[in-house]
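All letters in the sequence shown, in the order written, are residues 1 to 95 by my numbering. Below is one structure; the comments refer to it alone.
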Amino acid sequence: MTDMSYLDGNMLDGPLRELFAVDLSAATSRCQSCGTVGPMAGLHVFSHAPGLVARCPVCSEVTLRLVRAPDRAWLDLRGATFLQVPMPLEQPGRL
Ligand SMILES: [Zn+2]
């Protein structure tokens, strides 16, 4: 890699804001444990922990954890190999 130029992390704000502003229940994830691919809406969510814990409906391994505090949130996706999010088609003039 010869081009060592980079932008600081502030430039991620727009793209990530767009990503997380969509309805994630329509997103698809793959379980890291068993490889099952399915909609986020199909996960089994347990809300009686200190946050939300979503488990794979096939193998029951943890796919996602979300802990919310008044001024911040922690999102742990270690149990998902990927998260595929449907995005609106790009429109002319929009980055
Ligand atoms: Zn699984």
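C-beta: ideal position from N, C-alpha, C; glycine also.
Check: residue i C-beta below 7 Å from any heavy atom of ligand 1
i, result
"Ser25", "no"
"Val58", "yes"
"Ser47", "no"
"Thr109", "The structure shown has nothing for residue 109, since the chain only spans 1 to 95."
"Glu18", "no"
"Ser29", "no"
"Glu90", "no"
"Ser33", "yes"
Sheet register partners of residue i (DSSP bridge)
i, result
"Ser29", "Gly38 and Leu83"
"Leu66", "Leu52 and Leu75"
"Val45", "Ala54"
Enclosing beta strand (DSSP E) for residue i [first to last residue]
i, result
"Gly51", "Gly51 to Arg55"
N- and C-terminal bounds of the alpha helix (DSSP H) containing residue i
i, result
"Leu19", "Asp13 to Phe20"
(message) Check whether the segment 7-18 and the segment 28-36 touch, using three or more Cβ-Cβ pairs below 8 Å as the test.
(response) Judged by Cβ distances under 8 Å, the segment 7-18 makes no contact with the segment 28-36, as fewer than three pairs qualify.
(request) State whether the segment 63-72 contacts the segment 4-13, with contact taken as three or more CB pairs (one from each stretch) at a distance under 8 Å. (result) no
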